[in-house]
Amino acid sequence: MAVYENVESLYAWIDEIPLSRCKKNLTRDFSDGVLMAELCKHLFPKLVDLHNYPSANSHTAKVVNWDTLNRKVFSKLHIRVTQELIQQIAACVPGALESVLLAV
Numbered sequence: 205m206a207v208y209e210n211v212e213s214l215y216a217w218i219d220e221i222p223l224s225r226c227k228k229n230l231t232r233d234f235s236d237g238v239l240m241a242e243l244c245k246h247l248f249p250k251l252v253d254l255h256n257y258p259s260a261n262s263h264t265a266k267v268v269n270w271d272t273l274n275r276k277v278f279s280k281l282h283i284r285v286t287q288e289l290i291q292q293i294a295a296c297v298p299g300a301l302e303s304v305l306l307a308v
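Anchor point for the sequence shown: position 82 equals 286 in this note's numbering, and the numbering is continuous, going up by one each time.
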């Protein structure tokens with residue numbers, strides 16, 4: 205029950221943050237890393253240069269964006285995102301994104 209409440213409050217929190225795309229399906233919308241970069245920019249403005257994160261449709265390009273986030277942003281926040289988790293997020297595996305959002 206507590207996990208469900210955390211995820212629901214997480215979704216409500218994200219709805220309060222101004223992002224460039226409307227959020228319809230969080231797993232899919234965040235899969236290319238662009239909205240995660242925007243979220244991090246909102247929270248930590250000096251850590252993120254949004255020009256490093258182009259919109260992506262291919263799995264490979266999505267992984268590149270997440271790798272960049274992992275290297276340039278998450279490492280400074282002491283958040284470790286594994287390659288396996290990055291692959292899952294880029295592939296829109298349910299629950300993968302939420303584990304990273306809860307860490308931020």
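We treat Cβ as the ideally placed atom computed from N, Cα and C, and that holds for glycine.
Here the structure is a predicted model, which means the values were calculated and not measured.
Continuous alpha helix (DSSP H) stretch holding Cys244: start and end:
By one-based count along the sequence shown, residue 244 stands at place 40. Residues Val238 to Leu247.
Count the other C-beta atoms from every protein chain shown that fall within 10 angstroms of the C-beta of Gln287, then say buried if there are 16 or more, exposed otherwise.
Taking the first residue of the sequence shown as 1, we reach residue 287 at position 83. The residue in question, Gln287, is exposed, as its Cβ has fewer than 16 Cβ neighbours within 10 Å.
Residue nearest to Glu261 in terms of C-alpha spacing, selected from Leu251, Asp236, His246 and Val277
As a first step, residue 261 is located in the sequence shown; it is residue number 57 there, counting from the start. The question names Glu, but residue 261 is Asn in the sequence shown. Check the Cα spacing between Asn261 and each of Leu251, Asp236, His246 and Val277: the tightest is with Asp236.
CB-CB length for Ser259 against Val238, believed under 8 Å
Counting from one through the sequence shown, the residue named residue 259 turns up at place 55. Counting from one through the sequence shown, the residue named residue 238 turns up at place 34. About 6 Å separates the two Cβ atoms, so the contact holds.
Answer yes if the region 291 to 304 comes into contact with the region 220 to 236, meaning at least three C-beta pairs across the two stretches below 8 Å, and no otherwise.
Yes: the two stretches touch, three or more of their Cβ pairs being nearer than 8 Å.
Of all the options Met240, Val297 and His263, which has the alpha carbon lying nearest to the alpha carbon of Asp253?
Reading the sequence shown from its first residue, position 49 is the one you call residue 253. Among Met240, Val297 and His263, the Cα nearest to that of Asp253 belongs to Met240.
Whole-angstrom C-beta distance between Leu223 and Leu247, which should lie under 8 Å
Along the sequence shown, read from residue 1 onward, the residue named residue 247 stands at position 43. Along the sequence shown, read from residue 1 onward, the residue named residue 223 stands at position 19. Not a contact, Cβ separation roughly 12 Å.
Would Lys290 pass as a contact of Val267 if the rule is Cβ separation under 8 Å?
Numbered from its first residue, the sequence shown carries residue 290 at position 86. Numbered from its first residue, the sequence shown carries residue 267 at position 63. Note that residue 290 is Ile in the sequence shown, not Lys. In contact: Ile290 and Val267 (Cβ atoms closer than 8 Å).
So, helix, strand or coil for Thr286, using DSSP?
Residue numbering aside, residue 286 sits at position 82 when the sequence shown is read from its first letter. Three-state result, Thr286: coil.
Between the beta-carbon of His263 and the beta-carbon of Ala295, is there less than 8 Å?
Counting from one through the sequence shown, the residue named residue 263 turns up at place 59. Counting from one through the sequence shown, the residue named residue 295 turns up at place 91. Result yes, Cβ atoms of His263 and Ala295 sit closer than 8 Å.
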